[in-house]
Amino acid sequence: MYSESYQRSLEDPEGFWLEAAQAVDWTRPPTRGMDSAHAPSHRWFPDGELNTAFNALDRHVRDGNGDRPALIWDSPVTNTVRRYTFAELRDEVARFAGALVSLGVGKGDRVLVYLPVVPEAAIAMLACARIGAVHSVVFGGFAPKELAARIDHAEPKVIVAASCGIEPTRIVEYKPIIDEALRGTTHQPDTVVVLQRDRARAELGERDVDWAALVAAASPVDPVPVAATDPLYILYTSGTTGRPKGVVRDTGGHAVALAWSMHAVYDVHPGDVWWAASDIGWIVGHSYMVYAPLLIGATTVMYEGKPVGTPDAGAFWRVIAEHGVKALFVAPTALRAIKRVDPDGLELAKHDLSRFATLFMAGERLDPETYHWAREKLGTPVIDHWWQTETGWPMAANPRGLEPMPVKPGSVTKPVPGWDVRILDKAGERLPPGREGAIAVKLPLPPGSLPTLWQDDERYREAYLSRYDGYYLTGDSGYLDEDGYLFVMGRTDDVINVAGHRLSTGAMEAVLAAHPAVAECAVIGIRDQLKGQLPRGFVVLKSGVEVDEEALRAELVAMVRRDIGPVAAFRDVTVVEALPKTRSGKILRKTMRRIADGRDEPVPSTIEDPDVLEALKAVLRGTPAEQRRAA
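Residue numbers for the sequence shown, in full-length UniProt numbering: 1 to 631.
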């Protein structure tokens, strides 16, 4: 089943995806699969017309499923659970779409959404889709300077925001951030719509309007058909500095690819309960919290909380048990946080997970140690898979709905139909199995992937298509084994050169993570006058573990020398309290490396906890001996 689907998707991509497009309701069904007039970029379903919000909501109501649960909001930080049926969510979206129309928003206008993980975030996104507006979601709490850059780049007619975000230990007021950002922008939106939250209500200015009052005065509107090639949203990639890089998602290819992926990759179907644990501002929040589950008529869970601390390490297991979640999609860092606090899974044992079938993980490399821990404690398949903001949906996965495959820890299994994944050397030659190189995808890219960057076709070609003629460059390195399984070892700049030997820091991290005392780890390459680069490790210990740090360092160094070899020249490892991460869970290795090399690196706007990076700076800038004293 998988082999046949994969081969057909590469040999007859137009036929394959036109067939998949039949799962979507079109106001004008496409007769052509792909337009190559803009090659190397391609446009999918160029003569098709549809509306995404209709497909996500109205058609389920039309087909008699209006009473089926569509969205469950579980917010431990406010001690609230709220449920919406498809009919109720359709009505909320139609009314807020009418509210946007009353503010002058129409087809093609941009709306910037600056909200936490609340139902109104999904409502705002779907309302934009309903009227053909283009949304750009920026996660709540984003720094004023970076928010201003996105406002100037997207030029939104309206900003939709909350008065605050609620963290486990603090309240983040959003309105002062927006006001500061707008004082530094050239572009000024007409209106700022503010969702008032009880924990911190915002003082409204002249152009600000209250969400509740605006909606109360609005009339619902019907869906507006748009061309399949029209943009649905702009999503700025994390860590962007300087000129923003806005990934564009087209409407038709997005709907087709996501609907297909829900059954083929995730084995999730109408009526199933699905949970993607993500911030609304990341690609996972777009693709698999809001759009994909609703497109197929599944129930989506939105969770406003943390894996630990809201209130404990059993929070995820409670949500799964209470809401009957069939499958969870989460970043490995969340599991590592849970494992660190509750290594024996005592909290997990308190909950009935009998309806839970599969754990999906992506966002960072899933180290084998975390894989084995989750597999043992949950007793369900643990599936690593690989994709990016740019691709919009998985490039490689274990296709649970097509043909479940044996799991190889450390591998994301095989390329998903539509993605012709190759391993290339520096000259662009294809490498044999087992040889690590740059991971690239042979063009054309399938539906749902980015067709371009917002207002910057040239930068799109330069950033993604220029390195290897006829290929999309993923920026990741890895290899395919003899069975065609893909192993993603990390970003290409995480491959270090030690005395002429190219070594993967991801492979070293896998060794460190296997130590029973280690909860999390990172390895970065540091400049060295003699060898070019040397690896330096940082480890976070499991909660409650007491070890002699010198003895631990010796053990870890010996493990790397044993598994990677003396050529790695791995000698330095430091125990730290925490590692700096983005809100999506990615460890900021590049930032760590630049600080260690002596650069005056600014704190990234996407960082989860700036204090962690500040505390680590003294460690990163010192010699190994000074690092140990600072840590």
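Note that the Cβ used here is the ideal one computed from N, Cα and C, for glycine as well.
Do you know offhand how far residue i's Cα is from residue j's?
{"i": "I123", "j": "F96", "result": "7 angstroms"}
{"i": "R28", "j": "S36", "result": "20 angstroms"}
{"i": "T370", "j": "D210", "result": "45 angstroms"}
{"i": "V511", "j": "V488", "result": "15 angstroms"}
{"i": "Y291", "j": "L424", "result": "34 angstroms"}
{"i": "T254", "j": "V105", "result": "In the sequence on display, residue 254 carries His and not Thr. Those two C-alpha atoms are separated by around 23 angstroms."}
{"i": "T85", "j": "R68", "result": "5 angstroms"}
{"i": "A349", "j": "A507", "result": "32 angstroms"}
{"i": "L541", "j": "T505", "result": "19 angstroms"}
{"i": "P580", "j": "V221", "result": "45 angstroms"}
{"i": "M395", "j": "V193", "result": "37 angstroms"}
{"i": "L57", "j": "D600", "result": "49 angstroms"}
{"i": "N65", "j": "L294", "result": "12 angstroms"}
{"i": "R110", "j": "A321", "result": "39 angstroms"}
{"i": "V215", "j": "A162", "result": "15 angstroms"}
{"i": "G363", "j": "A276", "result": "12 angstroms"}
{"i": "A315", "j": "L465", "result": "42 angstroms"}
{"i": "D352", "j": "T358", "result": "15 angstroms"}
{"i": "A99", "j": "A218", "result": "5 angstroms"}
At which residues does the beta strand (DSSP E) containing residue i begin and terminate?
{"i": "Y6", "result": "Where Y6 is concerned, there is no enclosing beta strand (DSSP E), although the alpha helix (DSSP H) it sits in stretches over Y2 to E11."}
{"i": "W211", "result": "No beta strand (DSSP E) holds W211; the alpha helix (DSSP H) holding it covers W211 to A216."}
{"i": "L71", "result": "P69 to S75"}
{"i": "V301", "result": "T299 to Y303"}
{"i": "L335", "result": "Counting along the chain, L335 falls outside any beta strand (DSSP E), though it belongs to the alpha helix (DSSP H) covering P332 to V341."}
{"i": "L512", "result": "No beta strand (DSSP E) holds L512; the alpha helix (DSSP H) holding it covers T505 to A513."}
Output the boundary residues of the alpha helix (DSSP H) element that contains residue i.
{"i": "R249", "result": "Counting along the chain, R249 falls outside any alpha helix (DSSP H), though it belongs to the beta strand (DSSP E) covering G246 to D250."}
{"i": "D312", "result": "No alpha helix (DSSP H) contains D312, which DSSP labels as neither H nor E."}
{"i": "Y371", "result": "P368 to L378"}
{"i": "I151", "result": "P144 to A154"}
{"i": "D481", "result": "Per DSSP, D481 belongs to no alpha helix (DSSP H) and is neither H nor E."}
{"i": "I607", "result": "Neither: I607 is in no alpha helix (DSSP H) and is coded neither H nor E."}
With DSSP as the reference, label residue i as helix, strand or coil.
{"i": "G98", "result": "helix"}
{"i": "D179", "result": "helix"}
{"i": "Q22", "result": "helix"}
{"i": "D58", "result": "helix"}
{"i": "E203", "result": "coil"}
{"i": "Y291", "result": "helix"}
{"i": "G165", "result": "strand"}
{"i": "I280", "result": "coil"}
{"i": "G253", "result": "helix"}
{"i": "L353", "result": "coil"}
{"i": "I171", "result": "strand"}
{"i": "W454", "result": "coil"}
{"i": "W393", "result": "coil"}
{"i": "V567", "result": "helix"}
{"i": "E555", "result": "helix"}
{"i": "V382", "result": "strand"}
{"i": "M405", "result": "coil"}
Just checking residue i against the ligand ZN - is the residue's beta carbon closer than 8 angstroms to any of the ligand's heavy atoms?
{"i": "T186", "result": "What this structure holds is no ligand at all, so the ligand ZN is not there to describe."}
Using the DSSP secondary-structure output, state which residues sit across from residue i in a beta bridge.
{"i": "Q533", "result": "R527"}
{"i": "H135", "result": "V111 and Y233"}
{"i": "residue 632", "result": "Absent from the structure is residue 632, since the part of the chain shown begins at 1 and ends at 631."}
{"i": "W44", "result": "M34"}
{"i": "K581", "result": "I587"}
{"i": "I595", "result": "According to DSSP, which records beta bridges pairwise, I595 is partnered with nothing at all."}
{"i": "L195", "result": "A162"}
{"i": "F538", "result": "A522 and T574"}
{"i": "G490", "result": "S477"}
{"i": "V496", "result": "The displayed chain sequence assigns Ile, not Val, to residue 496. Bridge partners of I496: L503."}
{"i": "V224", "result": "DSSP output for V224 lists no bridge partner at all."}
{"i": "R461", "result": "None; R461 has no bridge partner."}
Residue i: buried (16+ other C-beta within 10 angstroms of its C-beta) or exposed?
{"i": "L346", "result": "exposed"}
{"i": "E462", "result": "exposed"}
{"i": "P116", "result": "buried"}
{"i": "E146", "result": "buried"}
{"i": "A558", "result": "exposed"}
{"i": "R59", "result": "buried"}
{"i": "A212", "result": "exposed"}
{"i": "A427", "result": "exposed"}
{"i": "V77", "result": "buried"}
{"i": "K339", "result": "buried"}
{"i": "Q388", "result": "buried"}
{"i": "S449", "result": "buried"}
{"i": "N51", "result": "buried"}
{"i": "I595", "result": "buried"}
{"i": "N79", "result": "exposed"}
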